[in-house]
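Numbering (my numbering), first residue to last: -17 to 268.
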């Protein structure tokens, strides 16, 4: 077996292409906090977000390995491609790396808080129908706030609180809708999740005005068709693509949150849309 063949199951484990959807969160926080992107801090904050996101994906599959054996046997752990021990070591290593990198970027409080929330979500909170989506939304809110703290400390956190709430609301809706990916999910959860995420997009457009509208429209264009199909027929085969489409739309939402404060600098988020789209051709990200 070649080196690339051995690596592929681990890339699938952490849903590697989806990491591009997380890189924009701390950049939004930095942009709102400072109105610009200091290269060093931006790179460290993005690296921290990537490590923490990938850690969350690995630990998620570790926690879900028994459920996946029943409902998603093709995932790397139940398929026998990655051992539970290897997944645990990878997840914990990435979690520690992310927290330390966040600290080096200047996010001394939020980086550790995000690492803790990721672990709490994966192993405890996601089992709760009410707390699970909220906790997942909180993870992405903290990712945005990590960049804000790296940029301007407590003042950055204050400036970015509204944007963090909107991003977290969208992710909570996405997480609720994603419950329909399994047979245990319900049509009501799919409908409610789509409604929550849609409300977050609408609020973002209204809050950001004309600078945010093109970005928000892009998010709707990316996610809308697949979500509409899932609403019409809320079965796992429809919900899975809707989840992937909503993930691919996150960089557009990030742009809508950043553009009112820094319209030109927000354009740095555009390549993330292409990278997420390119990544999905390698393997699914839902």
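The beta carbon of each residue, even a glycine, is placed where N, CA and C say it ideally should be.
Restricting to Cα atoms, I'd like to know which of the options is closest to residue i.
i: residue 22; options: -1, 132 and 224; result: 132
i: residue 129; options: -8, 29 and 250; result: 29
i: residue 92; options: 209, 27 and 48; result: 27
i: residue 215; options: 34, 162, 237 and 260; result: 162
i: residue 250; options: 55, 98, 236 and 114; result: 236
i: residue 44; options: 81, 136, 106 and 147; result: 106
i: residue 54; options: 11, 112, 218 and 88; result: 218
i: residue 17; options: 255, 256, 260 and 243; result: 243
i: residue 227; options: 192, 160 and 137; result: 160
i: residue 64; options: 52, 47 and 75; result: 47
i: residue 201; options: 170, 174 and 254; result: 254
i: residue 137; options: 15, 5 and -13; result: 15
i: residue 192; options: 245, 170, 156 and 225; result: 245
i: residue 35; options: 49, 78 and 56; result: 78
i: residue 31; options: 19, 5 and 13; result: 5
i: residue 241; options: 0, 19, -13 and 117; result: 19
i: residue 261; options: 0, -12 and -13; result: 0
i: residue 189; options: 118, 149 and 158; result: 149
i: residue 33; options: 135, 49, 10 and 82; result: 82
Under 8 Å by Cβ, that's how I've got residue i and residue j pegged, so tell me the actual separation to the nearest angstrom.
i: residue 3; j: residue 153; result: Wrong, their Cβ atoms sit about 10 Å apart, outside the cutoff.
i: residue 73; j: residue 37; result: 5 Å
i: residue 258; j: residue 221; result: Not really, about 19 Å apart at Cβ, beyond 8 Å.
i: residue 124; j: residue 142; result: The pair is not a contact, with the Cβ atoms about 11 Å apart (cut-off 8 Å).
i: residue 198; j: residue 238; result: 5 Å
i: residue 40; j: residue 96; result: Not really, about 15 Å apart at Cβ, beyond 8 Å.
Would DSSP call residue i helix, strand or coil?
i: residue 161; result: helix
i: residue 243; result: coil
i: residue 59; result: coil
i: residue 233; result: helix
i: residue 134; result: helix
i: residue 248; result: helix
i: residue 19; result: coil
i: residue 105; result: helix
i: residue 267; result: Reliability of the predicted coordinates at residue 267 is poor, the pLDDT of 49 falling under 50, and the value obtained from them is presented with this limitation in mind. Note: residue 267 maps to coil in three-state DSSP.
i: residue -4; result: coil
i: residue 114; result: helix
Mind the definition here: the segment 200 to 217 touches the segment 176 to 183 only if three or more C-beta pairs lie below 8 Å; say whether that holds. yes
Pairs of beta-carbons, one from the segment 56 to 75 and one from the segment -8 to 7, closer than 8 Å: are there three or more? yes
Count the C-beta pairs between the segment 95 to 107 and the segment -4 to 10 that are closer than 8 Å, then say yes if the count reaches three, no if not. no
Just list the alpha helix (DSSP H) runs in the segment 153 to 231, keeping only unbroken ones of 4 residues or longer that don't cross its boundaries, in chain order. 169 to 190, 195 to 214 and 218 to 230
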